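Just so it is clear: in the sequence shown, position 34 is 34 by UniProt numbering, and no numbers are missing.
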Amino acid sequence: MVDKTAPKDAPILTGSGALLRSLEILGIKDVFGLPGGAIMPFYDELMTQDKIRHILVRHEQGAGHAAEGYALVAGTVGVCIATSGPGATNLVTAIADAHMDSIPMIAITGQVFSHLMGTDAFQEVDIVGMTMPITKHSFLVTKAEDVPYVMAAAYQIATEGRPGPVLIDVTKDAQQGSAPFVWPGRVDLPGFKPVQKAHGKQVAAAAQMIAEAERPIFYLGGGTIRAKAQKELLKLVETVGAPVITTLTARGVFPDSHKQNLGMPGMHGTVPAVLGLQESDLLIVLGARFDDRVTGKVSEFAPDAKVIHIDIDPAEIGKIREADVPIVGDVREVIIDLIPEWEAVKKSRKSIDAWWKRLDKLVADFPLGFDDLDDGLLAPQGIIKTIGEISGPEAIYAAGVGQHQMWAAQFIEYERPGAWLNSGGAGTMGFAIPAAMGAKVAAPDRTVWTIDGDGCFQMTNQELATCVINDIPIKVAIINNSSLGMVRQWQTLFYDGRHSFTDLQPLDGPEFIPDFVKLAEAYGCLGIRVRTEEEILPAIELALKTNDRPVVIDFIVSREAMVWPMVPQGVGNSNVQYAREHAPSWDEE
1 MVDKTAPKDA
11 PILTGSGALL
21 RSLEILGIKD
31 VFGLPGGAIM
41 PFYDELMTQD
51 KIRHILVRHE
61 QGAGHAAEGY
71 ALVAGTVGVC
81 IATSGPGATN
91 LVTAIADAHM
101 DSIPMIAITG
111 QVFSHLMGTD
121 AFQEVDIVGM
131 TMPITKHSFL
141 VTKAEDVPYV
151 MAAAYQIATE
161 GRPGPVLIDV
171 TKDAQQGSAP
181 FVWPGRVDLP
191 GFKPVQKAHG
201 KQVAAAAQMI
211 AEAERPIFYL
221 GGGTIRAKAQ
231 KELLKLVETV
241 GAPVITTLTA
251 RGVFPDSHKQ
261 NLGMPGMHGT
271 VPAVLGLQES
281 DLLIVLGARF
291 DDRVTGKVSE
301 FAPDAKVIHI
311 DIDPAEIGKI
321 READVPIVGD
331 VREVIIDLIP
341 EWEAVKKSRK
351 SIDAWWKRLD
361 KLVADFPLGF
371 DDLDDGLLAP
381 QGIIKTIGEI
391 SGPEAIYAAG
401 VGQHQMWAAQ
411 FIEYERPGAW
421 LNSGGAGTMG
431 FAIPAAMGAK
441 VAAPDRTVWT
451 IDGDGCFQMT
461 NQELATCVIN
471 DIPIKVAIIN
481 NSSLGMVRQW
491 QTLFYDGRHS
501 FTDLQPLDGP
511 EFIPDFVKLA
521 EAYGCLGIRV
531 RTEEEILPAI
541 ELALKTNDRP
551 VVIDFIVSRE
561 AMVWPMVPQG
571 VGNSNVQYAR
581 EHAPSWDEE
């Protein structure tokens, strides 16, 4: 693996020292972790320096999600650290989350002494084996001399091509042993050669296909954000003139305020976005993977559409929907090549005026909105909309998973990449608070909101202690409907209203278990409770003015609020329901 002929002047470092020096060379400024026996030598090394900030979390899952939030906002690798055994397994959820959403992350775990591996030693687990399906690569390091190569390789793998997580498991003897430190720089990785530039003929074919389309639509996925393609994308979309939809993980890559943006597609997308895809004759797909939450029943998805599919990962092209023009390459680089090809053919394009007339009518007929309920409790959509309006597009919004996530995606306008953080593919409850913490570390001058549900909040709220101690003043809006809201919505619609184990508060008993305001105060945060319309605005304004500690606002909202529009699982997108006039049919495959 390594060149054994080290230069004579190469410094002799322990494996732990080599880990630290490697992080410095890679430009890592912040890491999130929690120590334990098998990673203790590295933590001892961390104490000797002040170039890298270590943030001590309260749970390893929090370290992983914080690294994700950091990576999404900073546009670089997020790093998390844990010990062996349960420390490592507690990272697994965050690693899987990063894998599903293509987030560059390096997870460093300690491992028992190499001679004890395979003996069921204390806190021994095969974390390399466990994480192989959910990482781009997993390394096991048993010798100090291998650390520099592995760290350099891990960084390349995590960041190049389709980004994703890499795990490095380092035995305790490798951390304690010594070897010459030889930094390899860029390393040659057999079999890892991501394609950046697309084939010219395919790009020209794509331009010609766009010119021949009468109902084209741009289908933008999270890969457009990972490619940092927003400027080039804006130029391409405006010169083509076709409508745009942005998936849940692509929100912000194309401004919501732009007249060509139809909004978010999918199960809870806008009607114009859902039917725009469904009725199109050409899907121009950039950095998207035809997720089932977007397509609905695949056999009925966009039945009359040809497909141009642009993605850096060749495994995604043709996986769900066959592409008429498959293009493997970096989205940004492909767009740069596509623009002049389009300019050469656009004079011969077919008119799309009738298409825009149809879409403009959909936009007029089906605006996003919500109704106040008759139970006297607050409408969650209005609260989230107000937070977005007051905080503005320069703020960052991190959401948990469930109804509040969909409302935050729908009712906050996103004008730039990195403003919207959420768990898309894995749908991980508990993502929001640690992700917001990581985001605030990456962008300390931005306002960072956590839009969380009372269910999600109770999974990772311990990281508020981390925020208080480390001066990370995030804002937390708990959309408190006393239930697991999205599951409850499905039970209402598809299980005849049998709300099986989704009530988080007893229907007859104490009102608050726990009392989130008291919990916030116990952590050292400012705690606020909001029950009435008149209290919403003052609470948000107070949160925005409070920057010496985190703020937690407990918004008491209706259990009966639902997310609309909705395409029930297992049916075609043409069955989109704009509102609950009647329970939609459910024909799950």
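Ideal placement from N, C-alpha and C gives every residue a C-beta, glycine not left out.
Predicted model only: the values in this text are computed from it and were never measured.
- Restricted to the stretch 161-185, the alpha helix (DSSP H) segments that are unbroken, complete and at least 4 residues in length are 172-176, listed in chain order.
- For the pair THR109 and ASP169, the CB atoms are nearer than the 7 Å cut-off.
- Selection ALA288, GLY185 and GLU413 evaluated against TYR149 yields GLY185 as nearest (Cα-Cα).
- Under the DSSP assignment, PRO35 falls outside any beta strand (DSSP E); it carries neither an H nor an E label.
- Pairing THR142 with ALA174 gives a Cβ-Cβ distance under 7 Å.
- Per DSSP, reduced to three states, the secondary structure at CYS467 is helical.
- Classified as exposed, GLU394 has fewer than 16 neighbouring CB atoms from the shown chains inside 10 Å of its CB.
- ALA152: member of the alpha helix (DSSP H) spanning 147-159, first to last residue.
- The DSSP-derived three-state label of HIS199 is coil.
- Around SER351, the same chain offers GLU214 as residues with beta carbons nearer than 8 Å, after the five sequence neighbours per side are excluded.
- For VAL576 against VAL271, the beta-carbon gap comes to about 6 Å, under 8 Å, which counts as contact.
- As a beta-bridge residue in DSSP terms, SER138 pairs with LEU167.
- A Cβ-Cβ contact shorter than 7 Å links VAL112 with ALA38.
- With a beta-carbon spacing of about 26 Å, SER299 and ASP101 fall beyond the 8 Å limit used to define contacts.
- ASP496 counts as exposed, since fewer than 16 other C-beta atoms from the protein chains shown sit within 10 angstroms of its C-beta.
- Secondary structure of CYS80 (DSSP, three-state): strand.
- Under the three-pair Cβ rule at 8 Å, the stretch 242-253 counts as touching the stretch 417-432.
- In terms of Cα proximity to LEU359, the closest of ALA315, THR295, ALA227 and ILE217 is ILE217.
- Non-local C-beta neighbours of SER114 in its own chain, meaning closer than 6 Å and more than five positions away in sequence, comprise THR142, THR171 and ASP173, ordered along the chain.
- Note that the C-beta distance between ALA98 and MET105 is below 7 Å.
- Positions of the alpha helix (DSSP H) runs, each at least 4 residues long and wholly inside the stretch 368-394, are given as 380-391 in order along the chain.
- The C-beta of LEU140 has 16 or more other C-beta atoms within 10 Å across all chains shown, which makes the residue buried.
- By DSSP's assignment, ASP291 forms no beta bridge with any residue.
- By the neighbour-count definition (other C-beta atoms within 10 Å, threshold 16), MET132 is an exposed residue.
- Taking all protein chains in view, the Cβ of ILE327 is crowded by 16 or more other Cβ atoms within 10 Å, so the residue is classified as buried.
- Spanning the alpha carbons of HIS258 and PRO243 requires a straight line of approximately 10 Å.
- Per DSSP, the unbroken alpha helix (DSSP H) holding MET437 starts and ends at 432-442.
- Just measuring C-alpha positions, the residue of GLU238, GLU511, LEU91 and VAL441 sitting nearest VAL73 is VAL441.
- For ILE134, the CB contacts under 6 Å within the same chain, skipping 5 residues up- and downstream, are ILE95, ALA96 and HIS99 in chain order.
- Taking C-beta separations shorter than 7 Å and ignoring five residues to either side along the sequence, the partners of ALA229 in its chain run VAL331, ARG332 and ILE335, following chain order.
- With distances taken between CA atoms, GLY287 lies nearest to ARG162 out of GLY263, VAL325 and ARG162.
- Selection PHE431, VAL448 and ILE513 evaluated against LEU91 yields PHE431 as nearest (Cα-Cα).
- When secondary structure is reduced to three states using DSSP, ALA121 falls in the coil class, being assigned neither helix nor strand.
- Judged by pairs of C-beta atoms under 8 Å, the stretch 275-293 does not touch the stretch 375-388, as fewer than three such pairs exist.
- According to the DSSP assignment, HIS404 belongs to no beta strand (DSSP E) but to the alpha helix (DSSP H) extending over 403-411.
- The three-state secondary structure of THR450, taken from DSSP, is strand.
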